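Structure first, then comments.
2 protein chains.
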Amino acid sequence: MASITDVAALAGVSAATVSRALSGNGHVSAATRGKVVEAAETLGYVASSSASSLASGRTRNVGVVVPFVDRWYFSAVIEGAQRALMERGYDLTLYTLREDGAARASVFEQFLLRKRVDAVIAVSLELTEAEVQRLHALHKPLVGIGGPLTGVRTLTIDNPAVARLCTEHLLALGHTRIAFAGGSLDEDGAFDLNLSRRQGFAQAMHGAGIDVPDEDYRSAEYSIDTGYVAAKQLLGRPHGRPTAIVAGSDEVAIGCILAAKDLGMSVPRDVSITGIDDHELAAFFDLTTVAQFPQRQGALAVELLMDDLHPDAADADAAPRSTALPFELVVRGSTARPAP
Amino acid sequence: MASITDVAALAGVSAATVSRALSGNGHVSAATRGKVVEAAETLGYVASSSASSLASGRTRNVGVVVPFVDRWYFSAVIEGAQRALMERGYDLTLYTLREDGAARASVFEQFLLRKRVDAVIAVSLELTEAEVQRLHALHKPLVGIGGPLTGVRTLTIDNPAVARLCTEHLLALGHTRIAFAGGSLDEDGAFDLNLSRRQGFAQAMHGAGIDVPDEDYRSAEYSIDTGYVAAKQLLGRPHGRPTAIVAGSDEVAIGCILAAKDLGMSVPRDVSITGIDDHELAAFFDLTTVAQFPQRQGALAVELLMDDLHPDAADADAAPRSTALPFELVVRGSTARPAP
DNA sequence: GTGAAAGCGCTAACAA
DNA sequence: TTGTTAGCGCTTTCAC
C-alpha cells in the first residue's frame, strides 16, 4: 500500500505538495500536479482516510440514522443519499435505531461520537428530547428527513397539503362520501405525520362543506394489513358505505384495494382509493397516489449538508434553508367518478 | 471533546494505561481500570476512531456492498448485519454498486481502498473477474452472501434443494402438472441463482418420473410484474393448464396469485402456488414459501468476519467455514391438493 | 508555488 | 502492572 511519501518520492516533490495536488487545497502548478497525479496512478495510491481525518478533522463520511432499513421509504432515502454522497467522494455509515435499550443508547453515547462522521442525516426518527440534545451536542451539521425533529432543520413534504390534494381529487370527481384510513391517534400525538395527513383530509372535506362522521375515520398504521382491516370495516357496512377512501399511505391503500376485491367490489367502479408515497408497488396495483420522492429527499439532504460542510460564496444563498419538498398527484386506475 | 490525555490526567495515569484499560488490550489492575473508567465517564470521553485506526491499523468498521438497498432481501441482510456489527462495537459503511460506469469503478478504485474498513461483505453481487481481483487485493476478510462470487467464501442456501422442496411439497399434495416461473436463461448463465432453482425444480419432477414440457417453464425476474405476466400465460391456456406453479421468488409468486385472481381463479382451489424467501408480504398473501432468513445471513456473515478479525483459540473451530444455511418450508394457504 | 516541520490522538513496543 | 517513547500517514501553518 503506497503512502504519500512514496508518491512524493516518485514525483520528485514533497509530501505536502502531493497532498495539495491531490486534494485541491492550496495552489500547485499544473505541471507539478500532472507529475503527482501520474505518480499516484502508477502506484495505485489512495489516501488513508484515518490519517487524513486525524490530520484534518474531516472524515468525508456522513452518518445516516434510520428506524428501519427494510421498509421501502427508508431504503429509498438511503439509496438516494448514498448515491449523492458517493458522487462527492463521501462514504455513508448506517445506523439503525430500534426500540429503546442499550443498543439505542449506544448510538448516541458511542457510535456517533467517535469522530467518524462529519454530519448526520436523521430519517423519520421519533427522538426523545435527550436524544435530540445529543445530536446537537455533536456540533455537526444535521438534517432531518420526514420526521418531527424539534429544533432540527427538517426536509418534509407538506403533509396536510398532500392529503388535501388526494381528497380534492376525489371531490372533483364527484365523490361526497369519502372516508379516511390512516394515522391512529392513540399515541400522545407522537408522529405528527399521521395527524397532519388526517387534518389535510378534514380541511378539504370541510372546505367542500361536507361533514365527515367519526365512523369514516379508521386508523391504519402504514401497513397493508391494517389498511385491509380498515377497508373491510368501511366497505362492509350495510348502509352509508363510502364511495372513496383516502389512505394515509400506499401500503394502506393497497390493503384497501385488496379488501375491496375480496368483498367482490371493483376498484374504481365500486370504490375509489388514493394512496400517498408512490411506493414501488403502487404502479402495479394501478394506484392513484401522491408521489413524494424519497431518493431525491435523500439527495437533497446531502446537498444541504454539503453546503454546510463546504461553504462556498457561490452556493451561500443558492440553497435556501427550508425548501418545500415537491410532491405530485399521480392519477392511475384506482380512482374514477362515483357510480351514478 | 476530551482526549485521551485529559482522561489520563484526571485518572492520574499515563495515556497508554488509559488505552489499555478502555480497550481491554494488555493488563491493567482492577483499581486502575476503575479510576480510568470513572474519569472517562465524567469527561464523556469517546476514543477518536481516526486516531485509533491510524495507530492500530484497525477501523472497527465493515463495508457492505450491495446491488440495491431498496429491495426487501438486500435491506433485510443489511439490517441483520448492522445489528450484529453494532453489538460488537462495529460500524457499517454501505456501498451500492449499480450499473457499470465511473461510480461503480470508483467503489473498487477508491472507496474500498481508503483503509476505512476492516472487512467486506458482498451481497448477491455479480462481479467481473477484475472486480473480484480488486476485492482480493484488499487483503481483507471477505465474505459473500447469496451470490456467485468465484473464489470467495460465500454464504448461500442450497438453491436446488430449496426448489426441490417446493416442488416435492406440491407433488406430495398430488399435483402432477406443475409449472415453473422464474429465472430467465437469456443472460450468459449470469446469476446461477436463477438456474439453480430451476434445476432443483427439474430434478424433483424428474425424480417423480414426470416430464415437464418446455412451455411449462416461464421466465420471470424477481418482480411481481414479471410473475404476473408469466402466470397469465400459464393459466390462460385453454388446454394443459398447470394445477400448480413453483415460483422462483416470493415476488414472482405474488404476481402469480394476483394473475390467478384476475383470471377469476381461486388460490389454492384452482391453482396452488409456492414462493421462495418468506418476503415481508408473503404472510399477507397467505403464500406457502420456503423461508430463508436474510437477517440471519447478514448476522452470520458478520460472525465469520469476526472470527477472522479476532482469531481466538476458543472459536477457532467453533464456526466451520461453510455452513449450509438454514431454510424452511412455510406452509400457508396458497397450496392444497388439486381439485379432483 | 513549494518544502520543512509540527502535530492530529491514539497504540504498541520496549523498559522499568 | 505501568510509563516512556516512537510512530501511524496525513494536513497545515509558516517560511522561503
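In order, the protein sequences belong to chains A and Y.
FYI, in UniProt numbering the residues of the first sequence are 1 to 340.
FYI, in UniProt numbering the residues of the second sequence are 1 to 340.
C-beta: ideal position from N, C-alpha, C; glycine also.
On a predicted model such as this, the values are computed, not experimentally measured, just so you know.
Own chain residues within Cβ distance below 7 Å of residue i, not counting five before or after
i, result
"residue 92/A", "62, 64, 81, 82, 85"
"residue 127/A", "149"
"residue 7/A", "18, 36, 39, 40, 43, 45"
"residue 385/Y", "Any answer about residue 385/Y is impossible in this case: the structure gives chain Y only from 1 up to 340."
"residue 15/Y", "4, 5, 8"
"residue 203/A", "160, 164"
"residue 265/A", "235, 271"
First through last residue of the alpha helix (DSSP H) which encompasses residue i
i, result
"residue 78/Y", "72-87"
"residue 234/Y", "224-235"
"residue 220/Y", "Taken as a continuous stretch (DSSP letters only), residue 220/Y belongs to no alpha helix (DSSP H), as it is neither H nor E."
"residue 354/Y", "Because chain Y is modelled from 1 through 340, residue 354/Y falls outside the range shown and cannot be assessed."
"residue 108/Y", "102-109"
"residue 132/Y", "129-137"
"residue 298/A", "294-309"
"residue 172/A", "159-173"
"residue 54/Y", "49-56"
Residues that residue i contacts on chain A, provided the C-beta gap is smaller than 9 Å
i, result
"residue 5/Y", "Those within 9 Å of residue 5/Y in chain A number zero; the least Cβ separation is about 15 Å."
"residue 86/Y", "95, 96, 103, 106, 107, 111"
"residue 204/Y", "Per Cβ cutoff of 9 Å: no residues; residue 204/Y is ~30 Å from chain A at best."
"residue 79/Y", "68, 69, 70, 96"
Delimiting residues of the beta strand (DSSP E) encompassing residue i
i, result
"residue 25/Y", "Here residue 25/Y belongs to no beta strand (DSSP E), and DSSP marks it neither H nor E."
"residue 288/Y", "288-291"
"residue 91/Y", "91-96"
"residue 277/A", "272-277"
"residue 123/A", "119-123"
"residue 257/Y", "Note, residue 257/Y: premise wrong, no beta strand (DSSP E); alpha helix (DSSP H) at 250-262."
"residue 329/Y", "328-330"
"residue 244/A", "244-247"
"residue 143/Y", "142-145"
Sequence-distant residues of its chain with Cβ nearer than 6 Å to residue i (five each side left out)
i, result
"residue 163/Y", "197, 200, 201"
"residue 333/Y", "286"
"residue 338/A", "174, 175, 243"
"residue 313/A", "Unreliable positioning characterises residue 313/A in this predicted model, as indicated by a pLDDT of 48, which lies under 50. The coordinate reading is nonetheless provided below. So no residue of the chain qualifies."
"residue 11/A", "35, 36, 39"
"residue 259/A", "228, 231, 232"
"residue 252/A", "181, 182, 220, 227"
"residue 327/Y", "157, 162, 290, 292"
Proximal residues of chain A, C-beta to C-beta of residue i below 7 Å
i, result
"residue 92/Y", "93, 94"
"residue 46/Y", "110, 113, 114"
"residue 293/Y", "Neighbours of residue 293/Y on chain A: none; closest Cβ ~13 Å, over 7 Å."
"residue 199/Y", "Going along chain A, no residue has its Cβ under 7 Å from residue 199/Y, so there is no contact; the nearest lies around 29 Å."
CA nearest to the CA of residue i, picked from the options
i, options, result
"residue 183/Y", "216/Y, 211/Y, 171/Y, 1/Y", "216/Y"
"residue 267/Y", "127/Y, 249/Y, 298/Y, 288/Y", "288/Y"
"residue 3/Y", "147/Y, 50/Y, 24/Y, 241/Y", "50/Y"
"residue 115/A", "325/A, 339/A, 54/A, 301/A", "54/A"
"residue 123/Y", "94/Y, 234/Y, 52/Y", "94/Y"
"residue 221/Y", "256/Y, 210/Y, 26/Y", "256/Y"
"residue 297/A", "75/A, 117/A, 27/A, 67/A", "75/A"
"residue 109/Y", "120/Y, 134/Y, 224/Y", "134/Y"
"residue 1/A", "252/Y, 73/Y, 147/Y, 140/Y", "140/Y"
"residue 125/A", "160/A, 79/A, 73/A, 172/A", "73/A"
"residue 237/A", "119/A, 223/A, 263/A, 248/A", "263/A"
"residue 145/Y", "294/Y, 27/Y, 118/Y, 172/Y", "294/Y"
"residue 279/Y", "223/Y, 106/Y, 218/Y", "223/Y"
Rounded distance between the beta-carbons of residue j and residue i, thought under 8 Å
i, j, result
"residue 178/A", "residue 246/A", "6 Å"
"residue 240/A", "residue 181/A", "That pair is no contact at about 16 Å."
"residue 282/A", "residue 250/A", "5 Å"
"residue 89/A", "residue 58/A", "Wrong, their Cβ atoms sit about 11 Å apart, outside the cutoff."
"residue 143/Y", "residue 301/Y", "5 Å"
"residue 132/Y", "residue 151/Y", "6 Å"
"residue 138/A", "residue 155/A", "So it is not a contact: roughly 19 Å between Cβ atoms."
Residue i: contacting residues in chain A (beta-carbon distance under 8 Å)
i, result
"residue 129/Y", "Result: empty, since nearest Cβ-Cβ is about 18 Å, beyond 8 Å."
"residue 261/Y", "261"
"residue 224/Y", "281, 284"
"residue 59/Y", "50"
Close beta carbons around residue i, own chain, < 8 Å, minus the five adjacent residues each side
i, result
"residue 169/Y", "274, 288, 329, 331, 335"
"residue 96/A", "65, 66, 67, 68, 69"
"residue 269/A", "336, 339"
Proximal residues of chain Y, C-beta to C-beta of residue i below 9 Å
i, result
"residue 82/A", "69, 94, 95, 96"
"residue 76/A", "69, 70"
Closer than 7 Å at the beta carbon, the chain Y residues around residue i
i, result
"residue 53/A", "50"
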